[in-house]
Structures are given as structure tokens and as C-alpha cells.
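Here the structure comes first, spelled out in C-alpha cells, and everything after it is commentary.
Residue numbers (this note's numbering): 521 to 1111.
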């Protein structure tokens, strides 16, 4: 089970001090320790419209986010409250309460636009809170939505025309919920009752005409329609008498208007049930550390005077996580090899088989923990490190075998060496006795277990080092004729040559095994990369299918409403999506 954070009260996530947005380190540390997937709900709206009350209800508290009871805006910047998700086990609900928009004390609304944009970027559900009905004044107050394409970039490089497709925004924009407070109208149209959602859809209908007034009327509606595929609306009666509004934190439900209590409950139930886990392109679930990095990246971009770019933010996040995924995979490989490998191995293939099994697990672990590995740089780094690890283990195996065999030869042959020094074999017939003893000791050595892959090579090197001693005893043995001595010399040479050929053959076999293992490693990387890319492509195609369905639906609606030009522009976006879905994806890895 992932870690869970229990915050007794909200903390400021992004401070707004003298017109500068600054990330609060305390909040980042809380996010860093929150390993669960996050459902992020942000609320935005004019100041003094009751945003904080709704967020406290979502947290299951009456107090928490500052409500205030005067005409002054209480919340400054963006405040965060992480609570256990009441309906999704092992998930954390992150509530973001934002500074009230349109605060006259600020004078400059530049930061309002950035607060609005950041709420969009960070959330999986975006709640826009306003007072009264959806009229033109309400739409005018929502002018921030018309500035999103000027405040946010989806890609680091737009298309060839220098224009970003709205589909790029749709793929990561949150669900849109409009909450209407102190709503006093009857929900009906043409004398028939309608739902709050139908009321919202009717309010987003466009006006025929080409005047500037018509364009101003249509622009925010068009932006909401094309940026937010999923839209929801809730209406709320006034919670209590105006004089008691300043006491909301202390009032119980039975002190409030029953209709309002029911409406607030329905709102909370919807958010708990329908708000999605925050995800990035490629169905990457956002946890605390990932949200921490996104917050830093976006605010840093704004501070530099740049536009927050989602593609760059995701790539920056990917670089950090992919590097960590490499280290995690290497640590797993080291742990598995450390537990299972006993040096020396009897054969090289035994070591290579174990390496291959651990390498496969390491690659699988990397694939599970990595994403958007541009040009497969981190996977190539992993491959290089695993290859070096394999080579190091091979060297250790050779050394372990060499040490083991040298120790055995010392134990087995030291009595013979001592006897030679004392002249035991420097007598007539001594040479044959020496050769007989050497054969006995060789047999004893070869019967010893766990010698490893250097058994033959170390033995031959040892025997070769003793050839001068053996030859001296041969030459001084008076029982042998000169002819017999010549024959014996040739026999020893032939035996030595045969042993050397055997060692050379073993070395060639080992080299061949290493080459085959290198190729198998390459193929394993390619196989797992191909499977991952196919999974990613299936996810991407599903995402594009959803966007395409939304675009086609919106195009049909525009045609029905008689907006041919808007429909044509949308048709171009639809064609671009369809073309991108037809392009094959290639796998290119290590050459």
C-alpha cells in the first residue's frame, strides 16, 4: 500500500506575493512524501463567491480553507489540502483553493490569468464557481478561458503554421464543472423543465452574426466547448440568511437551507465518484512527487517570463523518473545476482544464463517505471550498464576460479614439490616415478569440485611452470637411454601442445557464448521496447479516438447551429487527428 498523508489543515502551495508567484517548499515536501495516485480538484472564481466552503465540504470539514466574511479576498495564491480519497482506496484527494479572481485591491489582473492557467494545468477536475445565472456578465467574467491558448503551450513546437491544435489541449485539460451559487431561476426552457447540465449546454449556444459584439459573445462559449469535452453544472440555493453567511464555519447542516444541503451533498458525491486520477499524456498516473515537479516547472516558467509548456514539463519529469528507473533496475539486478550467483560457476554459460534472467527482470522493471524516454537514451544507458555488469561478473568469475584452482594446486602439489627439492626423484628411475605421481595428482585435482571455468588453463600454466624441473630430472635419469629421453621430450611437447589447443578451444567457445549473449540482450531490449511502444500506441489511439469523437460531435452541433466557418476549422483539426492516427510507429534501438 502506498503512503498516505494526513494534513490537519491546508497549506499554501503557490504564494502570490507582490505580484510574484513563488512555490512554498513546505507544500512541495508534503507532495514529495505522497506516493499515492492523485485526484486533483481545483476551484476558481471571483472573490467572495463561496469557493472555500465547497472545498471544505470535499475535505469533509467545516473549517480548513479560509472562508472570510467581508468583501476582502481571503485566499492568496493557491492553497492545497491533501486528504484520503473517501471513495478510492490508495488514492489521495488533492484540493486546490485559489485566490479570488477580480479582486479590486490587486489592481492588475495579470496574476489572475496565471492562477487560472495553473489551476487548469494542475487539476483533473476544474471547478468554476460563480454567483447567480449564466448570463453575458458571467461569461465576460470567464474571459480567462479565452486567454488559455496565450498562457499555455501544449507542445514545445507548434505545427507548421505556428498554431497549436485545440486537440493538443483537449488531451490533457481537466473535466469542467460550473457551480452556480445563489441561483434563483426556475430550471426550464420553452415551458419545460430542464436539468442543470441542459441549462449549461443551452447557455453555451452560439449567436449568429459577424459583428464584434457577436464574436465577443461567442468566443468564451467556443473556448469552453472546444477545450472541455466533459462538462457538468450544479446549482445552489442561498445556504442561509445573508446575515448568517459569515458564520458558515460554525453552522450545522440543520441550520442551513435543506435544498442547499442536498445540492452540496450531490456536488460532493459527483466529485468523489467521477473525478479522475490526474494523468499525463500516455496514461501516466500523477502521484505526489510528479505533481511536485509539475508545480515547480510551471511556476519557474512563469517566473522566467515563458509560457508553461506541458510537453516540456512532462519531458523534464520523464528525465528525472527515467534516470531513477535506470538506478532502480540496476539495483534490482545487483540484488538478484548477489542472492543467486555463487562464484566460481562451473561453466560460463551458467553465469550467462543467470545474467540473462536477471537482466530480463531489470529491463521489465525499467519499462514499468519509465515513460517518454526520448530516443531511448535511458534504456541505452541501462543496456550499457548491464553489459558492464555482465563483463565485471565474468572477470570476477575468472578471478574466483583462478584463485580456487591455484589454492587447490598448492595444496595438492606442495608435498611433491617438497619431495623434488629433497632430491627424492633425482635417482635412477626417478623420472618415471615423478611422471606417475604427477598423473595421480592431476587426477586428484580434476576430481575436486567447484573449480570453475579456469580449471584447465590454471593447471596447464602450473605444469608449464614446472617443466624445467621435470626436464632436469629427465636428463639426469641414468636408467633412460638418449633415444628414450628424446622420445619423452617429444611426448611432453605434444601433450603440452594438445593442452594448449584445448585451452584455446575453450576460450573460443567462451567468446562465442559472450557474443551470443550480447545479441540476446539486444533482442530482449528490442522485444520489450516494441511491446511497450505498442501498449503506448494503443493508449494513444484510444485517447485520440475519444478526442475525435468529441470533435465530431462538436462539428455536428456547429453545423446544426449554422456555423459553417467554425465547422470548417474544426474539420481541419479532425483531418489532422485522423492523419496522425494512420502513421505507423517505428521501433529503433541500439544499432
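A virtual CB, placed ideally from N, CA and C, is assigned to each residue, including glycine.
Here residue 1007 is exposed: its Cβ has fewer than 16 other Cβ atoms, across all protein chains shown, within 10 Å. Boundaries of the alpha helix (DSSP H) harbouring residue 808: 808-824, taken from the DSSP string.
Remark: C-beta atoms of residue 647 and residue 527 do not approach each other more closely than 8 Å. If you draw a straight line from the Cα of residue 938 to the Cα of residue 1046, it comes to about 59 Å.
For residue 1055, the number of other beta carbons within 10 angstroms of its own is below 16, and it is reported as exposed. If you look at residue 563, you'll find it in the beta strand (DSSP E) that goes 558-565. Here residue 928 is near residue 968, since their CB atoms are less than 8 Å apart.
Residue 557 counts as buried, since at least 16 other C-beta atoms from the protein chains shown sit within 10 angstroms of its C-beta. At least 8 Å separates the beta-carbon of residue 1061 from that of residue 1094.
In this structure residue 946 is in contact with residue 993, their Cβ atoms being roughly 6 Å apart against a cut-off of 8 Å.
Residue 743 is not a Cβ neighbour of residue 720, given a cutoff of 8 Å.
In the DSSP assignment, residue 914 forms no beta bridge with any residue. Residue pairing from DSSP places residue 604 in a beta bridge opposite 612.
DSSP places residue 672 in the coil class of the three-state scheme, outside both helix and strand.
Taking the CA atoms as reference points, residue 655 sits about 24 Å from residue 786.
In this model, residue 691 and residue 1067 are separated by some 7 Å (Cα to Cα). In this structure residue 1015 is exposed. Its beta-carbon is surrounded by fewer than 16 other beta-carbon atoms within 10 angstroms. Distance from the CA atom of residue 1083 to the CA atom of residue 728, rounded to whole angstroms, is 8 Å. When the five nearest sequence neighbours on each side are left out, the beta carbons in the same chain lying within less than 8 Å of the beta carbon of residue 816 are those of 543 and 548, in order along the chain. Separation of the CB atoms of residue 617 and residue 575 is rounded to 5 Å, and the pair is thereby assigned contact status at 8 Å. For residue 1085, the closest of 723, 841, 997 and 730 by C-alpha to C-alpha distance is 730. Inter-residue distance for residue 631 and residue 824 is about 14 Å (C-alpha atoms, whole angstroms). Annotation for residue 963: the continuous alpha helix (DSSP H) segment containing it runs 950-966.
For residue 984, the enclosing alpha helix (DSSP H) covers residues 975-985.
Excluding five sequence positions before and after residue 803, the CB atoms of its chain that fall closer than 8 Å to its own CB belong to 1059 and 1063, given in chain order. DSSP links residue 1055 through a beta bridge to no other residue. In this model, residue 671 and residue 600 are separated by some 22 Å (Cα to Cα). For the region 856-923, the full-length alpha helix (DSSP H) segments reaching 4 residues or more read 868-889 along the chain. Under the DSSP assignment, residue 701 falls in the beta strand (DSSP E) whose first and last residues are 695-701.
Here residue 780 is near residue 757, since their CB atoms are less than 8 Å apart.
In the structure shown, residue 944 falls within a coil segment according to DSSP collapsed to helix, strand and coil. Per DSSP, the beta-bridge partners of residue 540 are 537.
Annotation: the continuous beta strand (DSSP E) that includes residue 647 extends over 645-651. Relative to residue 890, the option among 862, 864 and 847 whose CA is nearest is 847.
Residue 712 sits exposed, since fewer than 16 C-beta atoms from the chains shown fall within 10 Å of its C-beta. Taken in chain order, no unbroken stretch of alpha helix (DSSP H) lies wholly in the region 1042-1097 with a span of 4 residues or more.
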